[in-house]
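Reminder that position 93 of the sequence shown reads as 81 in this note's numbering, one-by-one numbering, no gaps.
Yeah, the Cβ is synthetic: ideal placement off N, Cα and C, and Gly gets one too.
First up is the structure itself, then whatever we jot down about it.
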Amino acid sequence: MTTRVVFFDPEHGIGLRIAAGSGRSWQDQPDGDPRHAHCSLDIPRDTLLPYMGEDRPCSDTLFVPWSDLAAFADDLAALRPGGTARLGDAGTALTIRMRRDGHLRAEAVFSVGHHVATTVRCRTLWDWHHGTPGDLPALADRIRAVDRVRAAGR
-11 MTTRVVFFDP EHGIGLRIAA GSGRSWQDQP DGDPRHAHCS LDIPRDTLLP YMGEDRPCSD
49 TLFVPWSDLA AFADDLAALR PGGTARLGDA GTALTIRMRR DGHLRAEAVF SVGHHVATTV
109 RCRTLWDWHH GTPGDLPALA DRIRAVDRVR AAGR
């Protein structure tokens, strides 16, 4: 099972894809990785340039302990003005910030490339494509739902 949660605008927002884990290393475990959520971040292409495709630049897989994913969902639900909620590590991270007026901004950082790594940074704008505090409970619930479905399949 894979779920994609978008922060905050469907077209111009930052996507967080969460999977229970798949691939050769988990073939003998049909319910996926019991310890880690397999996550990736996707970002919009530059909207100033015409592009006739659906693909979005995407990070490599980020292995997040299920408990950290649940803590991120809790942090989102409890986010207050001036606060942040963060998921990831030094190389790949998603950060949600709340401004004092309640506007939310999503920020993503990840590197792409093997021999030459390019660091990609993306953020939604405070006054365009931003989220609001009313968005947070539903976003947190969508993230928690992935773990509930995974746990029920065990």
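By the 16-neighbour rule on beta-carbons within 10 angstroms, V(-7) is buried. Annotated as distal: S55 and F98, with beta-carbon spacing of 7 Å or more. For D62, the uninterrupted alpha helix (DSSP H) run begins and ends at 54 to 65, by DSSP.
A straight line joining the alpha-carbon of D135 with that of P125 spans about 16 Å. Non-local beta-carbon contacts of T(-9) in its own chain, meaning distances under 6 Å to residues more than five positions away in sequence, involve I6, V134 in chain order. Closest in alpha carbon position to G76, among E(-1), M86, R130, E95, is E95. Collapsing the DSSP output to three states places A133 in a helix.
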